[in-house]
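Step one of this worksheet: look at the structure below.
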Amino acid sequence: MQLVWRTAVRSVWTLGVAVCVLAAVAPARAQLATSDGQGLVQDYCVRCHNDRRLTGGLSLEGVQADDPTAHAEIWEKVLRKLQARSMPPVGSPRPDEVVYAQVIRALELAIDREADATPRPGRTASFHRLSRTEYQHAVRDLLDLEVDVGGWLPGDDAAYGFDNNGDVLSMSPVLLDAYLTAASRISRLAVGDMSAGADVASYRFSKSLLQENRIEGLPFGSRGGGAVRHYFPLNGEYVLKLDLAGPRTQSETIEIRLDGVKVGEVASNARPPFGGEAIGTQVRIQVEAGAHTLGVVFLKRMLAPEGRFPAYFPWANSAVFSTTFGAKTYLHLDGIEITGPFEPTGLGDTPSRRRIFSCRPGGDVQAEVCARSIFERLARRAYRRPATEDDLEVLLSFYRDGRAEGGSFDDGVRVALSRLLVDPDFLYRAELDPPGVTLPYRLSDLELASRLSFFLWSSLPDDELLSVAEEGRLSSPAELATQVRRMLADERATALVSDFAAQWLFLRNLRMVSPDQFQFPEWDDDLRAAMARETELFLDHQRRENRPVAELLIADYTFVNERLARHYGLDDIYGTQFRQVELSNPRRAGLLGHASILTVTSMPNRTSPVLRGKWLLENLLGMPPPAPPP
Numbered sequence: 000m001q002l003v004w005r006t007a008v009r010s011v012w013t014l015g016v017a018v019c020v021l022a023a024v025a026p027a028r029a030q031l032a033t034s035d036g037q038g039l040v041q042d043y044c045v046r047c048h049n050d051r052r053l054t055g056g057l058s059l060e061g062v063q064a065d066d067p068t069a070h071a072e073i074w075e076k077v078l079r080k081l082q083a084r085s086m087p088p089v090g091s092p093r094p095d096e097v098v099y100a101q102v103i104r105a106l107e108l109a110i111d112r113e114a115d116a117t118p119r120p121g122r123t124a125s126f127h128r129l130s131r132t133e134y135q136h137a138v139r140d141l142l143d144l145e146v147d148v149g150g151w152l153p154g155d156d157a158a159y160g161f162d163n164n165g166d167v168l169s170m171s172p173v174l175l176d177a178y179l180t181a182a183s184r185i186s187r188l189a190v191g192d193m194s195a196g197a198d199v200a201s202y203r204f205s206k207s208l209l210q211e212n213r214i215e216g217l218p219f220g221s222r223g224g225g226a227v228r229h230y231f232p233l234n235g236e237y238v239l240k241l242d243l244a245g246p247r248t249q250s251e252t253i254e255i256r257l258d259g260v261k262v263g264e265v266a267s268n269a270r271p272p273f274g275g276e277a278i279g280t281q282v283r284i285q286v287e288a289g290a291h292t293l294g295v296v297f298l299k300r301m302l303a304p305e306g307r308f309p310a311y312f313p314w315a316n317s318a319v320f321s322t323t324f325g326a327k328t329y330l331h332l333d334g335i336e337i338t339g340p341f342e343p344t345g346l347g348d349t350p351s352r353r354r355i356f357s358c359r360p361g362g363d364v365q366a367e368v369c370a371r372s373i374f375e376r377l378a379r380r381a382y383r384r385p386a387t388e389d390d391l392e393v394l395l396s397f398y399r400d401g402r403a404e405g406g407s408f409d410d411g412v413r414v415a416l417s418r419l420l421v422d423p424d425f426l427y428r429a430e431l432d433p434p435g436v437t438l439p440y441r442l443s444d445l446e447l448a449s450r451l452s453f454f455l456w457s458s459l460p461d462d463e464l465l466s467v468a469e470e471g472r473l474s475s476p477a478e479l480a481t482q483v484r485r486m487l488a489d490e491r492a493t494a495l496v497s498d499f500a501a502q503w504l505f506l507r508n509l510r511m512v513s514p515d516q517f518q519f520p521e522w523d524d525d526l527r528a529a530m531a532r533e534t535e536l537f538l539d540h541q542r543r544e545n546r547p548v549a550e551l552l553i554a555d556y557t558f559v560n561e562r563l564a565r566h567y568g569l570d571d572i573y574g575t576q577f578r579q580v581e582l583s584n585p586r587r588a589g590l591l592g593h594a595s596i597l598t599v600t601s602m603p604n605r606t607s608p609v610l611r612g613k614w615l616l617e618n619l620l621g622m623p624p625p626a627p628p629p
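Oh and the sequence shown: position 123 is 122 in numbering that gives the first Met the number 0, straight run, nothing missing.
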C-alpha cells in the first residue's frame, strides 16, 4: 500500500490490544461492502474501545465506520491489527475469515485512495548529519582512500534500530573536535606528508578464533594467523611486531604476505613463560604507500588430522579451552603491531593522489588555477551540488595559507582538503523548505540524488547521478528507474547488506552474542563469522540476481563453508571458501533457517520463543507486540 504514514507508525503499533474494528468500503463512497459498518464497530469493538474504558488509549465512539477516509490515521492502525488477526482478541466474538478478507481489502483501497488525494509525506531532519559509516564511505568515494575512521570518530546512537536516523545524529563540541582530528589525519593520508613521523597501529584477534585451519583469503597449505587491511602512508620501511602465543617449546615457520605476495619468512617460538619477547617476532619490510592486505600465516604441519590434537584430547581444541584459559594447544597469532614509516623514500603514486591531483601546475602563475580546478571537482562531489564561487573562495583561502606555511603546492591542497572534510555541506545533508511553502512539495533533483545514493550506497552520489540531477532528469520516473537499476548493480550497493540489512535483521548483534560455551563447546569465532557471512552472501545474492522477495523466506538454497556445513550437518563441503548449496531440509529454508538469525534471537543457553516471536513481529511483519503491562 502507498500510505506514507506507515514509515512512522512503529510508535503507534504499540497500542497493544487497542484496535479492534471491522469495516469495509465500496469504491464509490468508501462504505461497507459486507454489512452496516457502524454495526460492526458496535458489535465487536466499542464494548472495549469507548470513551469510558478507553482500552489501549483508543476510543472508537464517534469514529464513523461508513467513511474510513474521515479518520484515515485511525483506520490505518485498525488495518494493522486486522491483518495480524489480533483483533478482536482471542476468546471474544470474531467474524469469519471471509469477512476479515473483505474488510481488509476494502480498507486498503479506501486508505490508499485517501493517501493519493491528500499526500502527507512526513518530515525528516532538515539537517541530517552523516553517520560514522556514511562518513567513511563518503571519504572512500571522494578521495579513493580506504581508511577506518573508527579510531577517530565515536559510534553513533541508534533510533528504531538504525544508526543513521537524523533525529539522533546530533553534533556536540566533543564530536566536532573528533571530526576536525579525522579531517586532518585523512587529508595527510590522502595527499601524503613527508614530515610526518612514524605511527603505530595495533590489530588484535579474538581468543575464541581457532587457528587450526586455513583462513579464507590466505594461501593454501597454511593455517591460522590473520589478515588485516592497513593503509601505509608513505613509501618506506615498516616494522611488524607479531604477538604470538602457544606452547613455548614449539617452533614454526611464519610467512608474511602483502596483497597475497610473500615478502618475508621467519621461524618463531611463542612468548617465554616468564616474560620477554619471543624470537622472530619482529619483521622489517619495505612497502609502497597505499592500502594493502597484510597476511601472517603459519605453514601447516600435519602432526595430527587437520592440525588438531588426537581424539582423546577433544577439549583442547574447543573455544571453551582457548577463551576460558587463554591458551591454545598450538602456536597462534594474538595480534599484529605495525610501526612506521622509517626512512620514507617518497609519497608514492597512490589511488588517492591520482584522484585528487587532476592537474599539476607548471609554475606559480598556474598553481592557483590548478588548485581551483581541483577544488571545484572535489567540492561538487563532496557537497552533492555544483560548487559556488563562495565555496571555492573559502577553499582557496585555506590553500593559500597552507602553501604559505608548508611551502609547496601539495601542502596547500592538503590544508584546503582538511577544511572541505569538515564543511557543513559535506557533514550534513540539508533539505530546506522553499520560502513561504506550507504544503507538501517535491524534492529537487539534487536532493533526490543525495537521498537515493545514501540509501542504496550509504555514500555520495557519483558523477553520473549528479549529472542527471543537474540536468533535471532524475525526477522522471523512467530515468529514476534506470538509475536505481544501475546503482543496485554497482558493488557499492553491498551497503544495503552491510549497513541496512545488518541492522534490520540484528546481524550486527551477532558479534555481541556469546552462547554458553560449556553447554555449546563447539561455538567459536570461526562459526560466528561463518554464520554472519552466510546471511550476507544470501542477501547480496538477492540484490545481484534480482530474486523474488518471497525467496527471503522460502529459498531452498544457502551459502556455506566447511565450518558452517559441519554445524548444519551437511556432508562433502570442504575448505573455508563459501559456495551455494541446495537444501534438502525445508526447516532451513530462507532467512528464518539461518543460524545467524536463530542465534541472535536466543538466550545464551537455550532458544527463546518470546525473543524469536518478538523479532518476527517487529522485523519481518512490521507489527510489534504490545508493550508489557506495567
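Glycine is no exception: its CB is placed at the ideal position from the N, C-alpha and C atoms.
The criterion of a C-beta distance shorter than 7 Å is satisfied by Arg-283 and Val-238. In the DSSP assignment, Ala-288 falls outside any beta strand (DSSP E), carrying neither H nor E. In the DSSP annotation of this structure, the continuous segment of the beta strand (DSSP E) that includes Ala-429 starts and ends at 427-429. Sequence-distant partners of Val-512 (beyond 5 residues in either direction) whose C-beta falls short of 7 Å from its own C-beta, in its chain, are Thr-598 and Val-599.
Fully enclosed beta strand (DSSP E) runs of no fewer than 3 residues are not present anywhere in the stretch 358-391.
Taking C-beta atoms as the reference points, Leu-168 and Arg-128 count as a pair closer than 7 Å. Check the Cα spacing between Pro-153 and each of Asp-140, Ala-137 and Met-170: the tightest is with Met-170. Here Val-548 carries a coil assignment [DSSP, helix/strand/coil]. Pairing Phe-577 with Leu-536 gives a Cβ-Cβ distance under 7 Å. Contact between Glu-533 and Thr-557 holds: their C-beta atoms lie close to 6 Å from each other, under 8 Å. In this structure, Asp-461 and Val-496 do not form a Cβ contact; the two beta carbons are roughly 19 Å apart against a cut-off of 8 Å. When secondary structure is reduced to three states using DSSP, Ser-396 falls in the helix class. The three-state reading of DSSP puts Asp-242 in strand, counting E and B together. Residue range 476-488 is occupied by the alpha helix (DSSP H) that includes Ala-488. Short of 8 Å from the beta carbon of Ala-501, and not among the five residues preceding or following it, lie these beta carbons of its own chain, in chain order: Arg-507 and Glu-535. Taking all protein chains shown into account, Pro-343 has 16 or more neighbouring C-beta atoms within 10 Å of its C-beta and is therefore buried. Taking C-beta atoms as the reference points, Glu-463 and Arg-472 fail to come closer than 7 Å. Separation of Asp-571 and His-70 (C-alpha to C-alpha, rounded to the nearest whole angstrom) is 60 Å. Uninterrupted alpha helix (DSSP H) stretches at least 4 residues long and entirely within the stretch 553-587 occur at 561-567, given in chain order. Beta-bridge pairing by DSSP links Gly-263 to Ile-255. When the Cα atoms are used, Cys-44 and Glu-107 turn out to be separated by approximately 19 Å. Our two residues, Lys-261 and Thr-338, have alpha carbons roughly 19 Å apart in a direct line.
Shown here, Gln-281 sits in a strand according to DSSP, grouped into three states.
The criterion of a C-beta distance shorter than 7 Å is satisfied by Ala-189 and Ser-351. When the five nearest sequence neighbours on each side are left out, the beta carbons in the same chain lying within less than 8 Å of the beta carbon of Ala-195 are those of Arg-187, Pro-232 and Leu-233, in order along the chain. When Glu-336, Trp-74, Phe-425 and Glu-133 are compared, the shortest CA-CA separation from Ala-114 is found for Trp-74. Counted as a single uninterrupted DSSP element, the stretch harbouring Arg-228 is not any alpha helix (DSSP H) but the beta strand (DSSP E) occupying residues 221-231. The bridge partners DSSP lists for Tyr-202 are Ile-335.
Just measuring C-alpha positions, the residue of Ile-185, Val-173 and Asp-111 sitting nearest Asp-147 is Ile-185.
Ranked by Cα distance from Leu-298, the options Arg-441, His-291, Arg-84 and Ser-267 are led by Ser-267. Secondary structure at Phe-161: strand, using DSSP grouped into helix, strand and coil. Around the Cβ of Asp-50, a 10 Å sphere holds fewer than 16 other Cβ atoms; the residue is exposed. Excluding the 5 residues flanking it on each side, Phe-425 has same chain C-beta neighbours closer than 6 Å at Ala-381, in chain order. Inter-residue distance for Met-486 and Trp-456 is about 8 Å (C-alpha atoms, whole angstroms).
Within the same chain, and ignoring the five residues on either side of Arg-562 in sequence, the residues whose Cβ sits closer than 7 Å to its Cβ are Asp-525, Leu-526 and Ala-529.
A check of alpha carbon separations from Gly-345 across Ala-554, Ile-355 and Ala-288 identifies Ala-288 as the nearest.
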